[in-house]
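Worksheet: the structure to be examined is printed underneath.
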Amino acid sequence: MNWKEKFRMNRKKVVVCGSSFGQMYIQALQSLPDEFVLVGLYGKGSDRSKKCAETYHIPLYTDFNEIPQVDIACVIVSAATIGGCGTDMALQFLNKGVSVIQEQPIHPKDLTQCYKAAQKNKTYFLTSDLYTELPEVSRFIRIAKALNKKEPPLYIKGAFAPQVAYPTFDILSQALPSLYSLRIENTIENLGPFDIATGKIGNIPFAFEYNNRVFAEDRDNYSQLLHNFAFVYESGRLILEDTFGPVLWKPRMHMPKAMYNPENRKDMPAYACEKTMEIMNNFSAKSFEDVLLDDWKKAIGKNIQNLSRMIDEHANIGPMAQRAITYATRWAEFTTAMGFAKFITPDGHHYIPSDEIKKYCSEV
């Protein structure tokens, strides 16, 4: 028996709960056949659940007690405090000795319950957030961490939508030195499609543009953006232009005295030779199709692999739990301060092909 066969023998058995976004987890698991065995889908037995099980060629379980013994449950169902049964379902698995990965957002009260149950039953619980595993978001976090060791951030500018507010604070918890306090000092509502919040995270001032608008019939769509961040440092700005990239570094312009002395222009300092902007890494824009069907699947797969690794390494759940509860608390504080999203009634999806926009680039 070779090492690959031995590895496959130790694959973890996984069940996915929820047939809506849960389909992304099914795809992620089926793309990692050497690490996981997808034993089936747990749902209410709706037409969508039946169709999902049929499409992906997996069993459908409608009774919790029918689910075979598994190592991991992916609970892709809304948590209790936002109107779903996800927390109860997660606790049910944890109390049965099954480790759980649950899709965000999760209220800190629900998180506390789940972490206590995990500790009691010697299992693991992990909040799933695909956004921090996306290539450009992950790159932004890594660069910010490195920059923070050289210079403290002076100011944070951000823009994001309600649907990704929870991941926003996960991103900030990893990219900033600390997220232990959030103070909102001023808010402005209805500034076009955005509400504005200013305040401080620790001692760092921030200004957030919050696209606090939702179309009740299609909550996944009609946001003006997902994420945009700019961390301002003494030496320049680190920018995540969009959730899907690119990450930009814009050095602060400093006009050397030599430029005013014609005889010294050949002696320009090194900083004057820097490009006005650097795109980090070899960034290449992707289609939405590629992002949704490939990058998201891989990011979800990484989340599940992280939980699997925690199980194998008997990881200490304490520090991770504390960080998760901290950023969930900041999310709860922020969304409470900003209030419920305003409902909108868009007249359909507006689409202008990029090739048409490019035509406007031509010089007259």
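In the numbering used here, each residue carries its 1-based index in the sequence shown increased by 520. Note that CB positions come from ideal geometry on N, CA and C, so glycine has one too.
- The residues Lys532, in chain order, have a CB closer than 6 Å to that of Ser828 in the same chain once the five nearest residues on each side in sequence are set aside.
- The DSSP-derived three-state label of Val684 is helix.
- Per DSSP, the beta bridge partners of Lys532 are Phe556.
- In the three-state DSSP reduction, Gly678 falls in the strand class (E or B).
- Burial is judged here by how many other beta carbons sit within 10 angstroms of a residue's own beta carbon; Gly563 has at least 16 and is buried.
- For the 8 Å CB-CB criterion, Trp769 and Met544 do not form a contact.
- A distance below 8 Å between beta-carbons, with the five flanking residues on each side excluded, links Ala861 to the following residues of its chain, in chain order: Pro682, Asn732, Arg733, Val734.
- Close CB contacts of Ser569 within its chain, under the 7 Å cut and outside five residues either way in sequence, are with Ser539, Leu561, Gly563, Leu580 (chain order).
- Within the DSSP secondary-structure output, Phe714 pairs in a beta bridge with Leu711.
- Taking 8 Å as the cut-off, the beta carbon of Tyr686 is found no closer than this to the beta carbon of Ile831.
- Taking 8 Å as the cut-off, the beta carbon of Asn801 is found no closer than this to the beta carbon of Arg662.
- Cβ neighbours of Leu614 within its own chain (closer than 6 Å, five residues either side excluded): Val620, Ala637, Ala638, Asn641, Thr643.
- Below 8 Å, enough C-beta pairs join the region 624–632 and the region 839–856 to call them touching: three or more.
- Residues of the same chain with a CB within less than 6 Å of the CB of Tyr742, apart from the 5 flanking positions on each side, are Phe735, Pro866 in chain order.
- Between Ala548 and Ile820, the beta carbon gap of about 4 Å places them in contact (Cβ cut-off 8 Å).
- In this structure, Glu729 sits near Phe714, with a CB-CB distance shorter than 8 Å.
- Annotation for Arg757: the continuous beta strand (DSSP E) segment containing it runs 756–760.
- Within the DSSP bridge table, the entry for His627 names no partner.
- In this structure, Lys806 sits away from Phe863, with a CB-CB distance that is not shorter than 8 Å.
- Classified as exposed, Ile877 has fewer than 16 neighbouring CB atoms from the shown chains inside 10 Å of its CB.
- Residue pairing by DSSP puts Asn748 in a beta bridge opposite Ala679.
- Ala736 carries a coil assignment under DSSP once its states are collapsed to helix, strand and coil.
- Under a 10 Å Cβ-count criterion, Ile708 is classified as exposed, with fewer than 16 other Cβ atoms of the shown protein chains found around its own Cβ.
- In this model, Ala593 and Phe541 are separated by some 14 Å (Cα to Cα).
- Taking C-alpha positions only, Met779 is separated from Ala790 by approximately 13 Å.
- Residue pairing from DSSP places Gly719 in a beta bridge opposite Ile704, Phe726.
- Note: Cys594 is bridge-paired with Val536, Ile621 in the DSSP secondary-structure output.
- When DSSP states are grouped into helix, strand and coil, Lys665 belongs to the helix group.
- For Glu737 and Cys605, the gap between their C-alpha atoms comes out near 21 Å.
- Per the coordinates, the alpha-carbon of His870 lies some 39 Å from the alpha-carbon of Glu794.
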